[in-house]
Amino acid sequence: MLRLVCLCRLLVVTLMASSTNLGWADVRPEDTITKDNSAQAQELLTPATRWMVEQGMPMSIIEPTKIEWPKAYKEATEKYANQVKLSADGKELHDYVAGCPFPQIDIHDPLAGSKIMWNFEQKPYDNVGSEYTAELINSKGGLERTIPSRWRRMMWMGRLYLDPKPVIPHVTPIHHTDLLGPLRVPDQNVKGMLWLYVRHLSPDVPDDTYVYRPHTFKVYREGDNSSDPVGGTDIDRDSWLGFNGKPSLWTFRMLTEKEILAVVHSGKYGDRSAWCAPRDGTRGILAALPCVAWEKRRVWVIEGTPSGHSGSYAYSKRVLYIDQDSFGLVLAEMYDQRGELWKFFVPCFFYAKKPYAGYPAYPLEGGKYDSEDEWPFLPNAVMVDIQTPHATAITAPSGSVKPSEWVEEWYFNGDGPLNDPLMHTPLYLKTHRY
27 MLRLVCLCRL LVVTLMASST NLGWADVRPE DTITKDNSAQ AQELLTPATR WMVEQGMPMS
87 IIEPTKIEWP KAYKEATEKY ANQVKLSADG KELHDYVAGC PFPQIDIHDP LAGSKIMWNF
147 EQKPYDNVGS EYTAELINSK GGLERTIPSR WRRMMWMGRL YLDPKPVIPH VTPIHHTDLL
207 GPLRVPDQNV KGMLWLYVRH LSPDVPDDTY VYRPHTFKVY REGDNSSDPV GGTDIDRDSW
267 LGFNGKPSLW TFRMLTEKEI LAVVHSGKYG DRSAWCAPRD GTRGILAALP CVAWEKRRVW
327 VIEGTPSGHS GSYAYSKRVL YIDQDSFGLV LAEMYDQRGE LWKFFVPCFF YAKKPYAGYP
387 AYPLEGGKYD SEDEWPFLPN AVMVDIQTPH ATAITAPSGS VKPSEWVEEW YFNGDGPLND
447 PLMHTPLYLK THRY
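Quick note, the working numbering runs 26 ahead of the 1-based positions in the sequence shown.
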């Protein structure tokens, strides 16, 4: 009997210890995770976020907040989602009009990974844009180069706000286009350069890339290796916004669903303090890492492997973390051909109706700024090469100048001269100046 009592007591002590450990292995609002207490967040860290904490990046924890879809996007989803179909190989979307193609995800569905990535592909806005500054940071934490520029995206299908809708007609149907530039740098050979990326809807039509080189006054069509870094940065075309690959060139597999720490309400906008250290060459790669608010997010973990690219592709796979509220990507990890982590992309989103009280500081003609909906502002992002190490940090708009000096702040669904289909053509690259 005495032995049984002792065993029972031991069992109670063990259960209490386990319960204590489970309580410790979690995070709460107002916690700060550092390399000294990272065991507290072990189950919420990914290989990339664990690496950042080990480099000295603190993670300030806030209360998770649900992300609400824009009203028009939600209504279109309710109206059209039931008719949308996906090809058996997951490469092609059928009968899509607008909204989220597959709002209900069954994790046991063999096409779940593809459906989630098609949801990610179809954004909830007609267009979006902002000025940005890319800063190249070396292993010592020194600033190698600063590249001011602009980015604009136009959705050509699933349009809800601007005419023509829901589709902009084109001889070859287009899903979306991205316009980067002009570069605002002193080097006259690259100053004014522009890139146009065209995502054709058909799985059989490869993306087009055009670049305007001002020193020759010509527009060139670039090659199709979308894993090559662009403009001297660490970011390749397929890594823009974390992932910008054409779905038909990838095989997606659902790995799991889980909670991780991610940035969707960063709390920083046009603020230099969004970065953990000054870029003076004294703090190492910490100078490229974000010091913003992190929160627990429920995500799907998707493995993407390149399966339809011509020629060689730099990465063996990408692991993509997709937020279950928004279907937005909150973290991307890229692996080399040996299967080792090579690079990662961290977008520091700030979902809000307005990112600050006086937004915007400098309204543009045609800009849409008054909204009852939340939008995915992206004031900071970083692509880190951990094998070098090296990084490209993005700030949009710049935190190094006064708001009165911002040229083109974030907008969504801007009309008129701000962003229209004519701007997203090769001819426009050459014949217009910005």
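Built from N, CA and C at the ideal position, the CB exists for glycine as well.
One question on the structure: do residue i and residue j come within less than 8 Å of each other, judged by their Cβ atoms?
{"i": "His291", "j": "Ala313", "result": "no"}
{"i": "Ser165", "j": "Thr414", "result": "yes"}
{"i": "Lys117", "j": "Ser274", "result": "yes"}
{"i": "Lys272", "j": "Arg225", "result": "yes"}
{"i": "Ile412", "j": "Leu367", "result": "yes"}
{"i": "Thr198", "j": "Val245", "result": "no"}
{"i": "Met409", "j": "Ile261", "result": "yes"}
{"i": "Leu70", "j": "Lys322", "result": "yes"}
{"i": "Gly334", "j": "Lys343", "result": "no"}
Applying the 10 Å Cβ sphere with the 16-neighbour rule, what's the burial state of residue i?
{"i": "Phe376", "result": "buried"}
{"i": "Gln66", "result": "buried"}
{"i": "Gly393", "result": "buried"}
{"i": "Asn108", "result": "exposed"}
{"i": "Phe371", "result": "buried"}
{"i": "Gly440", "result": "buried"}
{"i": "Tyr339", "result": "buried"}
{"i": "Leu461", "result": "Look at the range of the chain in this structure, 27 to 460, and you will see that residue 461 is not part of it."}
{"i": "His450", "result": "buried"}
{"i": "Leu287", "result": "buried"}
Leaving out five residues on either side along the sequence, give the residues of the same chain with a beta carbon under 8 Å from the beta carbon of residue i.
{"i": "Leu355", "result": "Phe146, Leu267, Gly268, Phe269, Leu346, Tyr347, Ile348, Asp349 and Pro373"}
{"i": "Gly293", "result": "Ile88, Val318, Ala319 and Phe376"}
{"i": "Asn63", "result": "none"}
{"i": "Lys217", "result": "Pro208, Leu209, Arg210, Val211 and Pro240"}
{"i": "Ser430", "result": "Ala387 and Tyr388"}
{"i": "Arg179", "result": "Lys149, Asn153, Val154, Gly155, His202, Thr203, Asp204 and Leu205"}
Excluding sequence positions up to five away, which residues of its chain have a Cβ less than 6 Å from the Cβ of residue i?
{"i": "Leu315", "result": "Met78, Met83 and Cys302"}
{"i": "Pro223", "result": "Rather than Pro, the amino acid found at residue 223 in this sequence is Tyr. The residues are Asp204 and Thr235."}
{"i": "Leu220", "result": "Gly207, Pro208, Tyr238 and Leu455"}
{"i": "Asp362", "result": "Trp368"}
{"i": "Pro174", "result": "Thr159 and Arg210"}
{"i": "Lys111", "result": "His120 and Asp121"}
Which of helix, strand or coil does DSSP assign to residue i?
{"i": "Ile142", "result": "helix"}
{"i": "Glu285", "result": "strand"}
{"i": "Arg185", "result": "coil"}
{"i": "Tyr454", "result": "helix"}
{"i": "Ile311", "result": "helix"}
{"i": "Tyr472", "result": "Lying outside 27 to 460, the shown extent of the chain, residue 472 is not represented and no answer is given."}
{"i": "Leu209", "result": "coil"}
{"i": "Asp264", "result": "helix"}
{"i": "Met85", "result": "strand"}
{"i": "Arg305", "result": "coil"}
{"i": "Leu36", "result": "Per-residue confidence for Leu36 stands at a pLDDT of 41, beneath the threshold of 50, marking its modelled position as unreliable; no derived number is given."}
{"i": "Lys97", "result": "helix"}
Go through its chain and collect everything with a Cβ distance to residue i's Cβ below 7 Å, but skip five positions before and after it.
{"i": "Thr103", "result": "Gly125, Cys126 and Pro129"}
{"i": "Gln214", "result": "His241"}
- May I ask you to verify whether the stretch 155-174 touches the stretch 129-140, counting CB pairs closer than 8 Å and requiring at least 3? Short answer: they don't touch.
- Could you tell me whether the stretch 396-404 touches the stretch 91-105, using the rule of 3 or more Cβ pairs below 8 Å? Touching, yes.
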